Amino acid sequence: MIKLTAEDGIELAACVAGDPATAKGGVVVLQEIFGLNTHIRDLPRRFAEAGYYAVAPALFDRAEPGIELDYDADGKTRGID
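Numbering (our numbering), first residue to last: 6 to 86.
This is the structure:
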């Protein structure tokens, strides 16, 4: 995990994988409404294994840092709110 700093100074956690110097391209993984959960954190690794540099920023860190919701009705409701 790394920290990305937005233009307004807000810090967002991000999962990165791969080597930008040798990658055949870059991929930005956008999270679902459930936050930067286990599934989303695994995707950059999978893209890196295929030769890409990948980053998955925690887009909800601006509102609630570290949020990780379950794939259930409560998680869906909270994610939409």
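Yeah, the Cβ is synthetic: ideal placement off N, Cα and C, and Gly gets one too.
Since the structure is predicted, the reported quantities are computational estimates derived from the model, not experimental observations.
- Per DSSP, Thr10 is one residue of the beta strand (DSSP E) stretching across Ile7 to Thr10.
- Of all alpha-carbon atoms in Ala59, Arg67, Thr82 and Glu69, the one lying nearest the alpha-carbon of Gly31 is that of Ala59.
- Exposed is the label assigned to Ala68, since fewer than 16 other Cβ atoms lie within 10 Å of its Cβ.
- A check of alpha carbon separations from Ala78 across Ile45, Arg50 and Ile38 identifies Ile38 as the nearest.
- Per the C-alpha coordinates, the member of Glu73, Ala53 and Leu64 positioned closest to Lys8 is Leu64.
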